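Novice:
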Amino acid sequence: MTVQPIDGLTRDTIVPFLAGIFERRGGEEYLGEPVTMAEHMLQGACLAEQQGESEVIVVAALLHDIGHFTSEFGTFSMEDTHDRHHEEAGARVLERFFPKLVVDCVRQHVAAKRYICATDPSYFGELSEASIHSLKLQGGPMDAAEVAAFEANPNFAEIVKVRRLDDAGKIAGIQTPDFAHYAPMVQRVVDSHLGT
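Okay, so the sequence shown: first residue is 4 according to the working numbering, each after it adds one.
Written out as structure tokens, the structure reads:
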């Protein structure tokens, strides 16, 4: 699978580009869940912020599903019979501007679901119908070799943390700040990574 990066983005335009995605497409249905795409990602970021997580984790939670909007293969639906690799699409957009920790959390949040399913017997029962459907398309729970390889990632703990924030961001009616609240934080993470 090849996902092409979006041309023309710079450190000065990446945050407005992301803000535009939230504005234009954030109101779309989130894979059969009771929240929109923007509500889902904003809930994860808000929860991370409330828990006192670092700005890098807050930003990773905010952007983890951005690939649903940027994948050349379109967005997920419950009728899908193959995976659309939104995690790779999102990582490819972000990797020129964000630190490896953010990119790893985006690129590996699907793998993290497969990992937790393999290592936490209670986790599968917590998944929504949509998440179970996508899990099947994404390869199901990891086998022992995949678990070992996943745990070897130096950002393993943070990836799992962002996955847990992902799972928590599916509650209808929760009020959160909007993207504009997080935009300065996102820009700080970009600037810190790229140097000023």
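We treat Cβ as the ideally placed atom computed from N, Cα and C, and that holds for glycine.
Remember, predicted model here, so these are calculated numbers, not experimental data.
If you count every other CB in all the chains shown that lies within 10 Å of the CB of D169, and 16 or more means buried, which is it?
Specialist: By the 10 Å Cβ count, D169 comes out buried.
Novice: Going by beta-carbon coordinates alone, are Q141 and V113 separated by less than 9 Å?
Specialist: Yes, they are a contact pair.
Novice: Could you spell out the range, first to last residue, of the alpha helix (DSSP H) harbouring T122?
Specialist: Start and end: 112-122.
Novice: In whole angstroms, give me the CA-to-CA distance for E58 and H196.
Specialist: If I take the Cα positions, the gap works out to 12 Å.
Novice: For T84, which residues from the same chain have a beta carbon less than 8 Å from its beta carbon, with the 5 sequence-adjacent residues on both sides left out?
Specialist: Per-residue confidence for T84 stands at a pLDDT of 47, beneath the threshold of 50, marking its modelled position as unreliable; the derived number appears in the next sentence. Once the five neighbours on either side are set aside, the close Cβ partners of T84 are L140.
Novice: I need the straight-line Cα distance from H71 to R95, nearest angstrom please.
Specialist: Those two C-alpha atoms are separated by around 12 Å.
Novice: What's the call for S125, buried or exposed, on a 16-neighbour Cβ count within 10 Å?
Specialist: The residue in question, S125, is exposed, as its Cβ has fewer than 16 Cβ neighbours within 10 Å.
Novice: Residues bridged to T13 by DSSP?
Specialist: Bridge partners of T13: none, in fact.
Novice: Should the segment 19-29 be called in touch with the segment 128-139, which here means at least 3 C-beta pairs below 8 Å?
Specialist: Contact between the segment 19-29 and the segment 128-139 is absent, because fewer than three Cβ pairs lie under 8 Å.
Novice: Would you kindly work out how many angstroms separate the C-alpha atoms of L12 and F127, rounded to a whole number?
Specialist: Roughly 38 Å separates the two Cα atoms.
Novice: Could you name the residues of the same chain whose beta carbon sits closer than 6 Å to that of G93, not counting the 5 residues immediately before and after it, in chain order?
Specialist: So the qualifying residues of the chain are I69, G70, V109.
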